[in-house]
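A.B. asks:
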Amino acid sequence: MHKKFFLNLLSFVFLLVLVSCSSAPVIPLYEYPTDWKNPVDRENAIKEYSKYLIGRKIFLDPGHGGEDRKNKSRDGKIIEADVNLRVALNLKKYLEEAGAQVFISRDVDKTVPLADRSELANKSGAEIFISIHHNAPGKTEDDYTDYTAAYYHAKDVNYEYEPCNHDIAKFIERDLAYVMRNSGGLGSFDGTYSDYNIYPGEGFSVLRKTNIPAVLIECAFHTSHWEELRLNNEAFNEIQAWGIFRGLAKYFRSGRPEIVFIPDSMRIQNDMLHAAFSLHDSTGINPKTIQIFFNKEEKDFHFDKANNIVSVGITPVVKGSFPIRVIAANKNGNHSFPYHKEIVISDSLKATLKD
Ligand SMILES: [Zn+2]
């Protein structure tokens, strides 16, 4: 009796030693976002976000595909083009469930030239363009590099920089990086990057040639050993899409000012051109963010806070056609969509505003 008990105890201890020696610590590949893991919570979240997404027109651009399938994970098992597509199709599903209208540059594995992607977006009538990619290390990085990045076009010192692109990048970056439990990298404080960091003065072709607000996301590095395990998992691709979806919904929730030209304000008097614009936003306008450019030069302006009207006087008056551009942000920090018009000053010294 005693002997049997002793033998049992011995085999139990042996087993315990065996198990503790052989099992490596289990590292979870990912966590389910709390508002996603339960289908009821997910539906409720989509319903809540639909308040801000219903009727929105979004263009999705899953990068690469077709003849362009060269970007692969280290073991060659996953192709960047396929992961981009899986994330984009999941995002399309969530956006449509929330009542948005979604356009997509490809919904299968096919070749779409870069120029066509921008052209499709420009003709689609969409409000925002989101290009979805996964990253590979540059010369100074190694195979352990892995972070989430959202790119906008140009830098804030450049005329071609549109601050609304940066706003969208921030919102998407935050929620995408958060659900993936990734950092935003060390190259920027918030994980958003100018595409001029990669191609100085040019940026990414899809961001430069797309004339609606546009961002390009590098969700993670497909070259990382750890990340490739996650990217190969379709549930994880859904979680990635969920992060972008949430970021986009929160961006729209924060609103943005609308800029409306006041036709009666346009006149030429004492060799000065006058023009005024009303700025609409339910949260209010932050006066410190207003900028007016005439012929690509920043101009002084007057802001009537009580009526949210910004007016500008430009001198001397010269006949010709000149671009005018207005920028303003609301009290949540979101900037207006690009407002670029043309002021035509005719022979008779009469001015008109054109698109
Ligand atoms: Zn790519």
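The opening residue of the sequence shown carries number 7 in this note's numbering; numbering runs sequentially from there.
Just so it is clear, CB atoms sit at the ideal spot from N, CA and C, and this is done for glycine as well.
Please read these numbers as outputs of a predicted model, since none were measured by experiment.
1. Would you report the Cα separation of residue 22 and residue 31, rounded to the nearest angstrom?
2. Is residue 171 near ligand 1, in the sense that its beta carbon is under 8 Å from a heavy atom of that ligand?
3. Can you tell me whether DSSP reads residue 331 as helix, strand or coil?
4. Quick check on residue 74: does DSSP put it in helix, strand or coil?
5. Let me check you understand the geometry: is the CB of residue 308 closer than 8 Å to at least one non-hydrogen atom of ligand 1?
6. Can you tell me whether residue 45 is buried or exposed? The criterion is at least 16 other CB atoms within 10 Å of its CB, across all chains shown.
7. By the DSSP assignment, the alpha helix (DSSP H) with residue 103 in it spans what residues?
8. Can you find the residues in the same chain that come closer than 8 Å, C-beta to C-beta, to residue 358, ignoring five residues on each side of it along the sequence?
9. First and last residue of the alpha helix (DSSP H) that includes residue 57?
10. Mark residue 94 as exposed unless 16 or more other C-beta atoms lie within 10 angstroms of its C-beta, in which case mark it buried.
11. Under a three-way DSSP split, which group does residue 257 fall into?
12. Pull up the distance between the alpha-carbon of residue 50 and that of residue 174, whole angstroms please.
13. Could you please go through the chain and list the residues whose beta-carbon is closer than 6 Å to any non-hydrogen atom of ligand 1?
14. Quick one: using the 10 Å Cβ neighbour count with 16 as the cut-off for buried, is residue 24 buried or exposed?
15. Keeping to the same chain, check which residues put their C-beta closer than 8 Å to that of residue 274; ignore five residues upstream and five downstream.
16. State the Cα-Cα distance for the pair residue 3 and residue 222, rounded to the nearest angstrom.
17. Just verifying my parser: in three-state terms, what is the DSSP assignment at residue 24?
18. Start and end of the alpha helix (DSSP H) containing residue 177?
19. Would you give the residue range spanned by the beta strand (DSSP E) that residue 67 belongs to?
20. Among 87, 248, 157, 158, which one has its Cα closest to the Cα of residue 186?
21. Along the chain, which unbroken stretches of the alpha helix (DSSP H) at least 4 residues long are found entirely within the stretch 193-236?
C.D. replies: If we stick to the structure as given:
1. Against the sequence shown, residue 22 aligns to sequence position 16. Against the sequence shown, residue 31 aligns to sequence position 25. Only weak support is given to the placement of residue 22: the predicted model assigns it a pLDDT of 49, under 50, and the value that follows is read from those uncertain coordinates. Going from the Cα of residue 22 to the Cα of residue 31 covers about 15 Å.
2. The sequence position of residue 171 within the sequence shown is 165, counting from 1. Because no heavy atom of ligand 1 lies under 8 Å away, the Cβ of residue 171 does not count as near it: no.
3. For the purposes of this step, residue 331 is taken as residue 325 along the sequence shown, with counting starting at 1. In this structure, residue 331 counts as strand in the three-state DSSP scheme.
4. Residue 74 sits at position 68 when you count from the first residue of the sequence shown. Residue 74: strand per DSSP, three-state reduction.
5. In the sequence shown, residue 308 corresponds to position 302, counting from 1. No, since every heavy atom of ligand 1 falls outside the 8 Å radius drawn around the Cβ of residue 308.
6. Taking the sequence shown and counting its residues from 1, the one referred to as residue 45 is at position 39. Residue 45 should be labelled exposed.
7. The residue you call residue 103 lines up with position 97 of the sequence shown. Start and end: 86-103.
8. The count along the sequence shown starts at 1 and reaches residue 358 at position 352. For residue 358, where only same-chain residues beyond five positions count, the Cβ hits under 8 Å are 272, 349, 350, 352.
9. Residue mapping note: residue 57 aligns to position 51 of the sequence shown, counting from 1. From DSSP, the alpha helix (DSSP H) with residue 57 extends over 45-59.
10. As a working mapping, residue 94 is identified with position 88 in the sequence shown. Counting Cβ neighbours within 10 Å, residue 94 comes out buried, since at least 16 surround it.
11. Within the sequence shown, the letter at position 251 stands for residue 257. Here residue 257 sits in helix by DSSP.
12. Along the sequence shown, read from residue 1 onward, the residue named residue 50 stands at position 44. Along the sequence shown, read from residue 1 onward, the residue named residue 174 stands at position 168. Each residue's alpha carbon lies about 24 Å from the other.
13. 69, 70, 77, 86, 139
14. Start at 1 with the first residue of the sequence shown, and residue 24 comes out as number 18. Unreliable positioning characterises residue 24 in this predicted model, as indicated by a pLDDT of 48, which lies under 50. The coordinate reading is nonetheless provided below. With fewer than 16 Cβ atoms within 10 Å of its Cβ, residue 24 is classed as exposed.
15. Within the sequence shown, numbered from 1, the residue matching residue 274 stands at position 268. 280, 323, 351, 355, 356, 357, listed in sequence order.
16. In this structure the chain extends from 7 to 361, so residue 3 is not present and cannot be described.
17. Locating residue 24 in the sequence shown gives position 18, where the first residue counts as 1. In this prediction, residue 24 has a pLDDT of 48, which is less than 50 and means its spatial position is unreliable; nothing more can be read from the coordinates.
18. Mapped onto the sequence shown, residue 177 falls at position 171. Residue 177 -> alpha helix (DSSP H) spans 169-186.
19. Indexing the sequence shown from 1 puts residue 67 at position 61. Its beta strand (DSSP E) spans residues 63-68.
20. Translated into the one-based positions of the sequence shown, residue 186 becomes position 180. Checked all of 87, 248, 157, 158; the closest Cα to residue 186 is 248.
21. 211-215
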